[in-house]
Amino acid sequence: MAHRNVKINTNNIIFTLSLLFLTFMTIGAMVFTLMWSGERPVLLSSYELTVLIFTLKQAILSSTLSCFLAIPISRALFRRNFFLKEYLISFLGIPFILPVISAIFGLILVFGNNGLLNSFLVLLGLPKLTIYGLSGILIAHVFFNLPLALRILLLAWNEIPNEQFKLAASLDFTRADFFRHIELPMLRSALPGLLLLIFLICVTSFSIALTLGGGPSSTTLEVAIYQALRFELDFSKAASLACFQFIICGSIALILLMTGKRSSSFKALDLTVKTYNSPFFTKGIFDYMWILLICCFLLVPLLLLFYYGLTGLFELQTTVYLAAINSLILSILSGFFGVLIAFSISLWVGTSVSNAYGKYVEILSIFILASSPIVMGTGVFLMLKSIISFEYLTPLLVICVNVTMSLPFMLRALIPAVSIVEQDLGRLADSLNIKGVDRIRNIIFPRVASAIGLSFGIGSALSMGDLGVITFFSFGEFQTLPLAVYRLMLSYRVEHAISAALLLIIICFFLFHFFNLLGKYYASR
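Heads up: the sequence shown runs through residues 283 to 807, numbered per the working numbering.
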């Protein structure tokens, strides 16, 4: 048997530089920040220990609520055929690209003190709910992570062979038998990894805790890192907190890799769910109730945001529109460099002899999610502040951090696409001695253009809506659109903030769909 050619040589330099960049952003920035402070790592104080406990508590509750609500809802979506079902399933991809600050405004319009839900509760003579503190953080995390859980579980439902449904019917399974022998094994396979993945996302959440935390009693580790840098200029404390967070999340990440199959959530963006006419899928009034619940939960906040923000969309200050242009430029650059790095890593993994590097890249991508974006920006800032003026340093920090944080999602889309091309056409290309740039241009790129467009759209949209790094490293007059929305909210100019948040959503949706459709168009030629 002929051996496969060595990896694409022209990609080696970019791949090596990419790994060096990611190593510094995930671990090096944290170590450099600690070394620059000139102090040893500090242990957690009683307050910081309380913050750690609250961080773990809200992450456990958020991940548990998201996953266990997703079970009956995904089951209902899989079992029922109804009008516009495919559009609802596509709509489940929106929270991935939805700017956090904009979604928070939508949730406030529903669950806030004067929101739709509390107005209804007052009419019934019931006490109001609060959107701030632990309850608000849980609502926001479920809003963002429930669709992720639904997509992953929908894929798990969809992978159950039809023969199992037929066999269950021929054996006269009761509903309890059907659940025990068919549904429960699937859930045992999918749920552990899903729970840990959402837990990891919730631990490192920043914008939600910053805006909805409501006080010191509802502070997460990421917000504590921000406070240590912003208000105390204590680099040692910030780096130490980031180390604790990295160790906790890194341990969770290792467990995630050992507890089941990898997440394929992005395949569900174009998922067509099959429905088998099983006798176990009858009498579904509760299924439609779950479907109505998820529709209301996801749609009502966005519809209210459009209703209240549309009239003032063209009456915003010039500084808001300039911030939108800044964000647009930075998001496109972030998407471009993110795709460049992700594509180089995908080529290295996909064209390896045994695809042995895939697991290590998976570890790297999850460790990225375990890192603190603020400490990443701090490490880059401390390294470059004596070389680059602050005028150019802020955009560079935003691009570096956004590129890093979007890579795990890009890699999940690109690595499988490149691997499939190599499995189908790699040996033919080897036999024709097609290597290097020719192999990328003529064989790989045209067949992964759709995945590249999807990755570009995800990266640019995520960067457009990011509020993390810019809140700390905004020097002078420079600001992005999420920061402009946040400042309008802090100055109690709620009407303008809602309109600016709506503008942010529109631009994010445009970026995602433009690059996604551009990739599909190129692939179809």
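Ideal Cβ positions, reconstructed from N, Cα and C, are used throughout, including at glycine.
Pair within 8 Å by beta-carbon distance, residue i and residue j
{"i": "Cys484", "j": "Ser671", "result": "no"}
{"i": "Phe526", "j": "Leu326", "result": "yes"}
{"i": "Phe528", "j": "Ala652", "result": "yes"}
{"i": "Leu432", "j": "Ala352", "result": "yes"}
{"i": "Gly632", "j": "Leu689", "result": "no"}
{"i": "Ser417", "j": "Leu411", "result": "yes"}
{"i": "Phe792", "j": "Gly735", "result": "no"}
{"i": "Asn440", "j": "Phe350", "result": "no"}
{"i": "Ile725", "j": "Leu612", "result": "no"}
{"i": "Ser500", "j": "Gly415", "result": "yes"}
{"i": "Ala783", "j": "Gly591", "result": "yes"}
{"i": "Ser300", "j": "Ile623", "result": "yes"}
{"i": "Leu610", "j": "His778", "result": "no"}
Length of the line joining the Cα atoms of residue i and residue j
{"i": "Pro728", "j": "Met692", "result": "17 Å"}
{"i": "Leu453", "j": "Leu536", "result": "40 Å"}
{"i": "Leu370", "j": "Arg357", "result": "14 Å"}
{"i": "Ile788", "j": "Gly801", "result": "20 Å"}
{"i": "Phe426", "j": "Ile702", "result": "30 Å"}
{"i": "Ser616", "j": "Phe663", "result": "17 Å"}
{"i": "Thr601", "j": "Thr593", "result": "18 Å"}
{"i": "Ile342", "j": "Ser713", "result": "52 Å"}
{"i": "Asn715", "j": "Ser742", "result": "36 Å"}
{"i": "Thr456", "j": "Phe447", "result": "12 Å"}
{"i": "Glu504", "j": "Tyr589", "result": "33 Å"}
{"i": "Ile419", "j": "Val719", "result": "48 Å"}
{"i": "Thr305", "j": "Met571", "result": "47 Å"}
{"i": "Leu399", "j": "Val776", "result": "19 Å"}
{"i": "Ala524", "j": "Met746", "result": "24 Å"}
{"i": "Leu302", "j": "Ile722", "result": "23 Å"}
{"i": "Ser489", "j": "His423", "result": "11 Å"}
{"i": "Ser781", "j": "Leu389", "result": "15 Å"}
{"i": "Ala284", "j": "Lys717", "result": "Annotation note: pLDDT 42 at Ala284 (below 50); position unreliable, no value reported."}
{"i": "Val382", "j": "Ile295", "result": "36 Å"}
{"i": "Leu366", "j": "Gly394", "result": "30 Å"}
{"i": "Ile567", "j": "Ile464", "result": "22 Å"}
{"i": "Ile442", "j": "Pro498", "result": "46 Å"}
{"i": "Leu482", "j": "Phe378", "result": "15 Å"}
{"i": "Ile645", "j": "Val404", "result": "49 Å"}
{"i": "Ser737", "j": "Leu479", "result": "20 Å"}
{"i": "Thr502", "j": "Arg462", "result": "39 Å"}
{"i": "Ile697", "j": "Ile648", "result": "15 Å"}
{"i": "Ile534", "j": "Ala766", "result": "35 Å"}
{"i": "Ser806", "j": "Val730", "result": "11 Å"}
{"i": "Pro474", "j": "Met665", "result": "40 Å"}
Burial state of residue i, where buried means 16 or more other Cβ atoms lie within 10 Å
{"i": "Pro583", "result": "buried"}
{"i": "Asp706", "result": "exposed"}
{"i": "Pro429", "result": "buried"}
{"i": "Met658", "result": "buried"}
{"i": "Pro764", "result": "buried"}
{"i": "Asp569", "result": "buried"}
{"i": "Tyr774", "result": "exposed"}
{"i": "Ala510", "result": "buried"}
{"i": "Ala550", "result": "Residue confidence for Ala550 is low, a pLDDT of 41 falling below 50, so the modelled location carries little weight; the figure read from the coordinates is stated next. Ala550 should be labelled buried."}
{"i": "Asn559", "result": "Bear in mind that a pLDDT of 49 at Asn559, under 50, signals an unreliable position, so the number given afterwards is only what the model happens to contain. That one is exposed."}
{"i": "Cys790", "result": "buried"}
{"i": "Arg470", "result": "exposed"}
{"i": "Ala458", "result": "exposed"}
{"i": "Pro467", "result": "exposed"}
{"i": "Gln340", "result": "buried"}
{"i": "Ile669", "result": "exposed"}
{"i": "Asn684", "result": "buried"}
{"i": "Arg694", "result": "buried"}
{"i": "Glu445", "result": "exposed"}
Integer Cβ distance of residue i from residue j, believed to fall under 8 Å
{"i": "Phe751", "j": "Ile656", "result": "Note on identity: in this sequence residue 751 is Val, with Phe being the wrong assignment. Rounded, the Cβ-Cβ distance is 6 Å, consistent with contact."}
{"i": "Ala506", "j": "Val333", "result": "5 Å"}
{"i": "Gly661", "j": "Phe314", "result": "5 Å"}
{"i": "Leu436", "j": "Ala472", "result": "About 10 Å separates the two Cβ atoms, so there is no contact after all."}
{"i": "Leu515", "j": "Ser384", "result": "Their Cβ separation, rounded to whole angstroms, is 31 Å, which puts Leu515 and Ser384 out of contact at 8 Å."}
{"i": "Leu749", "j": "Tyr768", "result": "6 Å"}
{"i": "Ser628", "j": "Val700", "result": "4 Å"}
Limits of the unbroken alpha helix (DSSP H) element including residue i
{"i": "Phe663", "result": "655-666"}
{"i": "Met468", "result": "466-485"}
{"i": "Tyr508", "result": "503-512"}
{"i": "Leu604", "result": "600-632"}
{"i": "Val248", "result": "The structure shown does not extend to residue 248, since the chain is modelled only from 283 through 807, so no value can be given for it."}
{"i": "Ser384", "result": "382-393"}
{"i": "Lys717", "result": "Looking at the DSSP string, Lys717 is not in any alpha helix (DSSP H), and its letter there is neither H nor E."}
{"i": "Asn427", "result": "416-440"}
{"i": "His778", "result": "776-806"}
{"i": "Val582", "result": "567-591"}
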